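Working notes for the structure below.
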Amino acid sequence: MNSPANVAGSPAVQRDVPERVPTDWKTATMQKRIRRRYAAERRFRFFGLAAVSLSAGFLAFLLITMLMSGIGGFQRTLVTLPIDFPAAGLEVDRAQLKTRGADLALAGAGLENTVNGAAAATFGEDNRVISDSAWLTVRDAIKVDPSILSRKVSIPVPAAPGIEEAAKADGEPADEAMVAKLGRTGAISTGFNTDFFKSADSTDPTAVGIWGALKGSLMTMLVTLLIAFPVGTLSALYLEEYAPRNRWTDLIEVSINNLAAVPSIIFGLLGLAVFLGTLNLPRSAPIVGGLTLALMIMPVIVIAGRNAIKAVPPSIRDAALGIGASKVQVVFHHVLPLALPGILTGTIIGMARALGETAPLLMIGMRAFISQPPQGFADPATVLPVQIFLWSDQVSRGFIEKTSAAILVLLAFLLAMNALAIYLRNRFETRW
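Take the sequence shown: its position 393, counted from the start at 1, is 391 in the numbering used here, and no numbers get skipped.
Following this line, the structure appears as structure tokens:
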């Protein structure tokens, strides 16, 4: 039989609720708990600040070290060299100086011997004052003004590596004495090395530049972007908006996550086997490097794209479908524009990673000595990280500064790309 309390319509049973006793925060036990909580908070703040300070300290140490060793790479020491062309008997057809064969004409006429002879007559046979590439500077001056071949002129030419180091107070005593002698006559000067940003690789540390490697990096990154961004974005859209939820989709998702963690040299082996071995694409070309790096960063773009698409509220899709939009219109007119900032952020971060990669590009042969900047996507080229690697392996002391200077340029590009990613995220991010 049901009790009266369970009969429908009967009043609910009233139960006695014990009265809550207010907490006395002034007791010794509660004060101890409060002190323990405050101490835990102080420890957390201390360890957090220590971690940030340690990271900032390592970054500052890296930047200061690179600046101290690389700032000299942006400077150039020039020595004023007097050359009497009529006395040297340099015979060159003036008409050839206006053609593409001017370089060969001047080299064949013995311009290098003329410049070295003028240096020996001015500074003595035992003193190595000018660099091996000094005659190239004289050649360029003649091409600009052929009339100097008929008179005696003084041309600033690059100093030898030893003289350049001595001018920066880091040379041998004999070189420092020569620098002091040249300084008394005003024949030596140090200024900003603009040729470092206009020249390509060279065996002479005073004539090397990063333009060839920088142009190769830009061309490689362009190929990478044109392939990885659209393919990665469309893949993310399909997997998030169209793909059925089954075990095959789960397998693809796991595979993409695994590819994002694969060492970069594996992609270099893949590029070597597929693009060079199977497709017979030109070795050490920006197009091959771009294809290889596109494979490497594509999983990163897909993951970032899926997360950005997933962050778009379902109400956006429902509202668009409610007013008669098709599935394709919903995706490309509403979902993709709202997810684009996140996709761009992931793309730029992936591009920054690709810009600093060396191992996969070494595998496809982009470590050759390239003395001329590439003119096309199929021309032999190198990239900035590989150029840094090659210079670091040189025995000449003059390459140490140039290596550090190239590292500073690479760091500047990486910082700029990461800053752009942060700007795009903060500028276009929508908070729901």
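Beta carbons are placed, not taken as given, at the ideal position from N, Cα and C, and that holds for glycine.
Every value quoted in this text rests on a predicted model; they were computed, and no experiment measured them.
Quiz item: Tell me which same chain residues have a C-beta within less than 7 angstroms of the C-beta of L412, skipping the five on either side of it?
Solution: A350, L353, G354
Exercise. Would you mind sorting M(-1) into buried or exposed? The rule is 16 or more other CB atoms within 10 Å of its CB.
Key: Note that M(-1) has pLDDT 46, beneath the 50 cutoff, so the model's placement of it is unreliable and no number is given.
Self-check item: Range of the contiguous beta strand (DSSP E) that encloses T78
Solution: 73 to 82
Quiz item: Less than 9 angstroms separating the beta-carbons of D199 and Q385?
Solution: yes
Quiz item: How about G340 and G374: are their beta carbons less than 9 angstroms apart?
Solution: no
Exercise. Compute the Euclidean distance between the alpha carbons of F190 and A100, then round it to the nearest angstrom.
Key: 28 angstroms
Quiz item: How is M415 classed by DSSP in three states: helix, strand or coil?
Solution: helix
Quiz item: DSSP on F190, reduced to helix/strand/coil?
Solution: strand
Quiz item: In its own chain, which residues sit with a C-beta less than 8 angstroms from the C-beta of V300, not counting the 5 before and 5 after it?
Solution: G230, S233, A234, L237, I254
Quiz prompt | Cβ shell of W23 (< 8 angstroms), same chain only, five flanking positions each side left out | solution = Q29, I32
Quiz item: For the 8 angstroms Cβ check, are there 3 or more pairs between the segment 216 to 223 and the segment 133 to 146?
Solution: no
Quiz item: Can at least three beta-carbon pairs, one atom from the segment 174 to 188 and one from the segment 149 to 166, be found at a separation below 8 angstroms?
Solution: yes
Quiz item: Just checking my contact of A158 with I186 at CB under 8 angstroms: how many whole Å lie between their CB atoms?
Solution: About 11 angstroms; that fails the 8 angstroms criterion.
Quiz prompt | 4 or more residues per run - each alpha helix (DSSP H) lying fully within the segment 322 to 349 | solution = 325 to 328
Quiz item: So what does DSSP say about P203, is it helix, strand or coil?
Solution: coil
Quiz item: Can you find a CB in chain B that lies within less than 9 angstroms of the CB of L319?
Solution: Protein chain content of the structure displayed is limited to a single chain, and chain B is not contained in it.
Quiz item: Relative to the alpha-carbon of L224, which residue among T345, L52, L79, V260 has its alpha-carbon at the smallest distance?
Solution: T345
Exercise. Per DSSP, which residues does V151 bridge with? Please list them.
Key: I81
Quiz prompt | For I368, the three-state DSSP class (helix, strand or coil) | solution = coil
Practice problem: For the alpha helix (DSSP H) holding A172, just list the boundary residues, first then last. | Solution: 171 to 183
Quiz prompt | Check whether G169 and G160 have beta carbons under 9 angstroms apart | solution = yes
Quiz item: Taking F397 as the reference, which of G207, L268, A376, A379 has the closest Cα?
Solution: G207
Quiz item: Quick one, are the C-beta atoms of A258 and I250 less than 9 angstroms apart?
Solution: no
Quiz item: In terms of alpha-carbon separation, which member of I368, M361, G115 lies closest to I263?
Solution: M361
Quiz prompt | Same chain only: Cβ atoms within 8 angstroms of L88, ignoring 5 sequence neighbours per side | solution = A107, G108, L109, T112, L147
Quiz item: If we count the other Cβ atoms within 10 Å of its Cβ and call it buried at 16 or more, is V252 buried or exposed?
Solution: exposed
Practice problem: Classify I420 as buried or exposed, calling it buried when 16 or more other Cβ atoms lie within 10 Å of its own Cβ. | Solution: exposed
Quiz item: If you run the structure through DSSP and keep just helix, strand and coil, what is A157?
Solution: strand
Quiz item: Among T276, G269, G275, L277, which one has its Cα closest to the Cα of K287?
Solution: Residue identity differs from the one stated: residue 287 is Gly in this sequence, not Lys. Checking every option, the nearest Cα to that of G287 belongs to G269.
Quiz item: Closest to Q392 by CA distance: which of F83, K196, P203 is it?
Solution: P203
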